[in-house]
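Before any comments, here is the structure.
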Amino acid sequence: MATASSPKGKEKESTTQPTTTPTPSPNATGIIVIGMAGSGKTTFMQRLNSYLHTSAHKQPYILNLDPAVTHLPFSANIDIRDTVDYAEVMKQYNLGPNGGILTALNLFTTKFDQVLGLVEKRATEVDYVLLDTPGQIEIFTWSASGAIITDAMASALPTCVAYIIDTPRTTSPATFMSNMLYACSILYKTRLPFILVFNKTDVQPHSFALEWMRDFEAFQEALLSRRNEGGEDGPGYMDSLMNSMSLVLDEFYKHLRAVGVSAMTGEGMPEFFQAVDEAREEYLKDYKPELDAMIAERAAAKSATASDSLSRLMADMAVAGGPSTLTPEARAHQAAAAAAAQKKKDGGGLESVLQRTEEEERGSSDDEGEVIDKSSRTDYYDLPTSRRPRGTAPPSSAAAGSRGGRQVVDDDGTVWPAP
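Taking full-length UniProt numbering, I'd label the letters of the sequence shown as residues 1 to 419.
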């Protein structure tokens with residue numbers, strides 16, 4: 001894994017602090033771009049970047065999470081390729097392309113706290129934070145790392161999901177239904193405001209898709225027409241299945257925002273950002289209160305656990321010492337001393353654990369990759385070009401011992417017999 005030590009940037013801290021609510025939301029809105037391979041996600045990201053640079057909005061803050069992309073038509077502020085070398089991951093772990101992408105994303109997720117820190121610093125200075133995901137949609141949507149990244153972004157700033165659909169490939173009712181089912185699954189997995197983006201409208205207008213979503217009978221007619229023309233292959237039960245699914249998804253369609261855009265020509269960009277603004281309002285109205293309630297519930301549970309532990313400690317002290325003749329002040333002092341002793345016994349409590357963790361991270365070796373914010377720095381270290389095969393001894397580095405009077409000692413203290 002390629003590494004770099006990212007110094008603190010010189011970003012200015014925002015001096016304007018909202019005072020209307022106890023936990024104000026950042027100015028920026030996060031947009032997670034998800035879509036099937038070939039749907040035009042990267043081109044769509046380039047069009048978003050271009051549109052925001054030429055409009056009244058501020059320049060966006062862009063994250064690229066695709067480690068296998070060879071060329072980006074836009075400049076990313078944070079690029080996973082600067083932290084994780086996809087080819088080296090495949091080589092070291094003996095993985096294929098998809099396994100390499102998944103492992104690279106997992107490795108990057110271990111550093112996502114650094115990414116979140118950089119994003120939160122810029123959240124008051126930009127209008128949008130754009131996140132481009134890997135081309136293999138299942139790697140991001142159904143992996144633990146994808147869920148961690150999505151939840152972390154959603155907890156830091158108002159976030160929505162833009163699901164990119166290849167419109168020319170969706171003219172078939174069966175393909176359209178497959179896309180809608182996948183969109184439904186992503187919506188209920190992320191539980192974030194959702195936008196259907198019908199891309200490539202310069203090749204195929206998306207009006208047919210909107211009609212199928214709004215009118216169940218129109219979809220049935222299209223399905224029957226394709227069957228009569230021989231356009232749909234397969235047994236007749238597929239017709240019954242898709243008719244049933246369209247009825248099930250009819251309620252799902254009513255709560256979806258759908259826009260048509262062309263990443264090539266820029267058509268539909270104003271409508272897309274209008275949908276993003278509506279999604280932000282939905283986040284603040286529905287998702288944020290639920291998130292705050294979860295945080296408050298966890299804090300209350302933690303406080304209750306601490307109070308219960310203290311009560312049990314006081315009870316144990318009373319039983320051990322018999323009837324107490326101490327004054328209330330003395331008993332309080334005794335309880336505080338016992339709590340301090342228990343905290344020391346447990347290793348200093350949460351603060352000490354965090355302090356030790358920070359010291360370990362500061363003292364860790366340089367081969368643990370750091371996240372790079374290109375706004376402040378672009379240099380980073382290269383990956384090691386070779387890796388010693390597992391189970392073999394390192395180059396000779398030590399002292400005399402058994403087996404012919406020689407041993408070699410690894411960097412971590414492991415003793416190997418001399419070859």
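Ideal Cβ placement from N, Cα and C applies to all residues, glycine included.
Treat the numbers as computed from the prediction; the structure is a model and nothing was measured.
Please confirm if Thr29 has its CB atom under 8 Å from at least one CB of chain C. In the structure shown, chain C does not exist; there is a single protein chain.
Comparing alpha-carbon positions, which option in Tyr51, Lys58, Leu105, His53 lies nearest Ala68? Leu105
DSSP state of Tyr381, grouped into three classes? Residue placement at Tyr381 is flagged as unreliable, the pLDDT there being 42, under the threshold of 50; a coordinate-derived value is accordingly withheld.
Going by DSSP, what residue range makes up the beta strand (DSSP E) through Ile372? Looking at the DSSP string, Ile372 is not in any beta strand (DSSP E), and its letter there is neither H nor E.
Within 10 angstroms of its Cβ, does Val248 collect 16 or more other Cβ (buried), or is it exposed? exposed
Relative to the C-alpha of Met177, which residue among Ala147, Pro205, Leu210 is closest? Leu210
Reduced DSSP secondary structure (H/G/I, E/B, other) of Thr42: helix
Quick one: what's got a C-beta closer than 6 Å to Gly260's C-beta in the same chain, skipping five residues either side? Phe198, Thr201, His206, Gly268
Leaving out the 5 sequence neighbours to the left and right, which residues in its chain are closer than 7 Å to Thr190 when beta-carbon positions are compared? Thr150, Val161
Give me, in chain order, the residues of the same chain whose beta-carbon lies closer than 7 Å to that of Phe74; leave out the 5 immediate sequence neighbours on both sides. Met45, Gln46, Asn49, Ile62
DSSP state of Glu267, grouped into three classes? coil
Using CA coordinates, which residue listed in Ile137, Ala156, Arg226, Phe272 is at the minimum distance from Asp124? Rather than Asp, the amino acid found at residue 124 in this sequence is Thr. Thr124 has its Cα closest to that of Ala156, out of Ile137, Ala156, Arg226, Phe272.
Identity of the residue in Leu192, Ser225, Ala306 nearest Glu278 by Cα: Leu192
DSSP three-state call for Val89: helix, strand or coil? helix
Please go through the region 171-209 and give each complete beta strand (DSSP E) segment of 3 or more residues, from N-terminal end onward. 194-199
Could you tell me which uninterrupted alpha helix (DSSP H) segments, each at least 4 residues in length, are contained entirely in the region 76-130, listed from first to last along the chain? 86-93, 97-109, 112-122
Alpha carbon to alpha carbon, how far is Tyr253 from Asp373? Give it in angstroms, no decimals. 39 Å
Selection from Ile31, Val371, Pro26 that minimises the alpha carbon distance to Phe194: Ile31
Flag this pair as touching only if the region 132-140 and the region 96-103 have three or more C-beta atom pairs under 8 Å; answer yes or no. yes
How would you call Asp85, buried or exposed, if buried means at least 16 neighbouring beta carbons within 10 angstroms? buried
Keeping to the same chain, check which residues put their C-beta closer than 6 Å to that of Thr378; ignore five residues upstream and five downstream. Confidence is the limiting factor: at Thr378 the pLDDT is only 47, short of 50, which leaves the residue's position unreliable and the question unanswerable from this model.
Beta carbon of Ile80 nearer than 8 Å to that of Thr141: no
I'd like the span of the beta strand (DSSP E) that includes Leu63, first residue to last. 61-64
Looking at the unbroken alpha helix (DSSP H) that takes in Asp250, where does it start and where does it end? 250-254
DSSP puts residue 428 in a beta bridge; with which residues? Any property of residue 428 remains undetermined from this structure, which presents the chain solely from 1 to 419.
Please state the DSSP three-state secondary structure of Asp132. strand
Please classify Thr54 as buried or exposed, where buried requires at least 16 neighbouring CB atoms within 10 angstroms. exposed
By DSSP, does Val259 sit in helix, in strand, or in coil? strand
Any non-hydrogen atom of the ligand SAH closer than 7 Å to Arg257 Cβ: As for the ligand SAH, it is missing from this structure, which has no ligand bound.
For Thr70, does the three-state DSSP call read helix, strand or coil? coil
Ends of the alpha helix (DSSP H) at Ala154? 144-156
Please report the straight-line C-alpha distance between Val33 and Tyr182, rounded to a whole angstrom. 14 Å
Identify the residues that DSSP records as bridge partners of Ile34: which are they? Tyr163
Are there 16 or more other CB atoms within 10 angstroms of the CB of Asn179, so buried, or fewer, so exposed? buried
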